[in-house]
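Take a look at the structure set out below.
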Amino acid sequence: MRALSIVILIILVIISGWIFLYNDITKDYDEFITSLNKLNKQLVYENWDEANKELEVLLEKWKEHRDKWSIFLDHHEIDNIDISMAKTSRYVETKNNPLALGEIEVLIKLFEIVKENEAFTLTNIL
Amino acid sequence: MITILIRAAVLYGYVLFSMRLMGKGELAEMQPFELVIMIMMAEAAALPMEDLGVPLLNGFIAISALLFLQIFISFINLKSERARGFICGKPSILVNKGKINQKELNKLRININDLIEQMRSKDYPALEDVEYVILETNGDLSVIPKENKRGVTIEDLDEKSNYEGLPITLIIDGKINHDNLIKANITEKWLLSRLKAKGSKSVEEILFCYIDEDKELFIQKKDK
């Protein structure tokens, strides 16, 4: 009975941990998407100064969350976001509008994948 | 490389903890569901150990889920006869009253050679000596010989045997086990005096010492 109580406790910790983690990731995801949309808007109007400021905010936010996400999420996804962030940063710096806009779409998709992978869905289970 | 080293050590610790929690039964003959858990647990531990792209936490969660399933299924097995029959299966009688159960052998896809080989390994080379052969749910073969082929017991001889009890270890590698002194109901002083009487100058020179039910000491000294 002692062993059963311990494993039930472990499973409850895992389930509650997942609920907490998924809420946290959803919150972070919303923040990143908002930030990326703002950056996208600035790039469409070619406001390079505003775009640079927005990019700095985005990079800072990513720096804050990156290590925390690495504990729970697939490191390959984190690496892909890292690479895409570096590309976006360079494209904005060199004022390459089409490539920067394209890379922002990639980043949005990558964040979507991260969120989807953690969701409790039939497609993820299957 | 150092990451793999640390990951391997951490996962080893958690798998060891899981095995201890599963109990001693897991280390002996395994039921089908236990074998499945063992194979899957090995894989769950190996994946995050080798692939640095997979978070270590994934391994912990997978092992925990298997641990939960194993203990939960064992608990159900303990409580429900019907579940036990479904999960572990039922023992199969391969030889019934000295006659080979051909139907059961065919069903289990065991040929006569395998059966005879297994019987030989259990010290019963002739079928005529055997009353029952049962294939247990854990894959072990139980052989029950005919009455006239069973070993003679003290009861058969109408003799009385002395109670032997369990020997209690008192000294291992020059160190006295004080808990066992209490269990054997003797004092350290008594032990030392008995050791002296048997020619041992100090406890340190003794490799192994135990006491039997008749309070007789067995002593083996360390090699010099």
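Taken in order, these protein sequences are the chains called A and B. Sequential numbering from 1 applies to the first sequence in our numbering. Sequential numbering from 127 applies to the second sequence in our numbering. We treat Cβ as the ideally placed atom computed from N, Cα and C, and that holds for glycine.
Query: By alpha-carbon positions, which one of B:V180, B:G149 and B:L318 ends up nearest to B:E330?; Result: B:L318
Query: B:E207 and B:I219 look like a contact to me (Cβ under 8 Å); what is the Cβ gap, rounded to whole Å?; Result: That belief does not hold up - the Cβ atoms of B:E207 and B:I219 are roughly 19 Å apart, past 8 Å.
Query: Using Cβ-Cβ distances below 8 Å, what residues of the stretch 192-205 of chain B are close to chain A?; Result: L193, F194, I197, F198 and F201
Query: Against A:L4, what residues of chain B qualify as contacts under a CB-to-CB distance less than 8 Å, listed in chain order?; Result: I197, F198 and F201
Query: Distance check for B:M164 and B:I236, CA to CA, integer angstroms please.; Result: 25 Å
Query: Residues of chain B with CB under 9 Å from A:F72, in chain order?; Result: P181, L183 and N184
Query: From B:S144 to A:M1, what does the alpha carbon distance come to, in whole angstroms?; Result: 15 Å
Query: Quick check on the burial criterion: 16 or more other C-beta atoms within 10 angstroms. Buried or exposed for A:L173?; Result: Limits of chain A in this structure are 1 at one end and 126 at the other, which puts residue 173 of chain A out of reach.
Query: Here's a check: name, in chain order, each residue in its chain whose Cβ is nearer than 8 Å to the Cβ of B:E314, leaving out the five neighbours to either side.; Result: I302, H304 and L307
Query: Please classify B:D299: is it buried, with 16 or more other beta-carbons within 10 angstroms of its beta-carbon, or exposed?; Result: exposed
Query: Can you list, in chain order, the residues of its chain whose CB lies under 6 Å from that of A:L101, leaving out five sequence neighbours each side?; Result: L43
Query: In chain order, what residues of the stretch 3-31 of chain A put their CB closer than 8 Å to some CB of chain B?; Result: A3, L4, I6, V7, I8, I10, I11 and I14
Query: Within 8 Å (strictly less), CB to CB, does A:H76 reach chain E?; Result: No chain E is part of this structure, whose protein chains are labelled A and B.
Query: Just verifying my parser: in three-state terms, what is the DSSP assignment at B:K348?; Result: coil
Query: Contact criterion: CB-CB distance below 8 Å. Does B:G139 meet it with respect to chain A?; Result: no
Query: Against chain A, does B:S360 count as a neighbour if the rule is that its beta carbon must be under 8 Å from one of theirs?; Result: A question about residue 360 of chain B goes unanswered here, because the residues of chain B that appear run from 127 up to 350.
Query: Would B:I130 count as contacting chain A if we go by Cβ distances under 8 Å?; Result: no
Query: Out of B:N311, B:K347, B:M127 and B:P271, point me to the one whose CA is closest to B:S326's CA.; Result: B:K347
Query: Could you tell me which residues DSSP pairs with B:V221 in its beta bridges?; Result: B:I226 and B:V259
Query: Output the boundary residues of the beta strand (DSSP E) element that contains B:F334.; Result: I332 to I337
Query: Comparing the C-beta of B:S190 with each C-beta of chain A, is any distance below 8 Å?; Result: yes
Query: What do you reckon, are the CB atoms on A:L36 and A:I104 nearer than 8 Å?; Result: yes
Query: I'd like to know if B:L142 contacts chain A, where contact means its C-beta is closer than 8 Å to some C-beta of that chain.; Result: no
Query: Could you check the C-alpha separation between B:I130 and A:L99 for me, to the nearest Å?; Result: 38 Å
Query: What does B:L147 reach in chain A if we use C-beta pairs closer than 8 Å?; Result: A3, I6 and V7
Query: Indicate whether at least one CB of chain A lies closer than 8 Å to the CB of B:L161.; Result: no
Query: At 8 Å on the CB atoms, spell out the chain A contacts of B:I187, in chain order.; Result: I14
Query: Along chain A, in chain order, which residues have C-beta atoms closer than 9 Å to that of B:L178?; Result: H75
Query: With a floor of 3 residues, list each beta strand (DSSP E) that falls wholly inside the stretch 264-324 of chain B, ordered by position along the chain.; Result: 267-271 and 294-298
Query: Thinking C-alpha only, which one of A:S84, A:N23, A:H65 and A:R66 is nearest A:K109?; Result: A:S84
Query: Which residue's Cα is closest to the Cα of A:S5: B:V256, B:I132, B:M148 and B:I128?; Result: B:M148
Query: Would you kindly work out how many angstroms separate the C-alpha atoms of A:I10 and B:P271, rounded to a whole number?; Result: 48 Å
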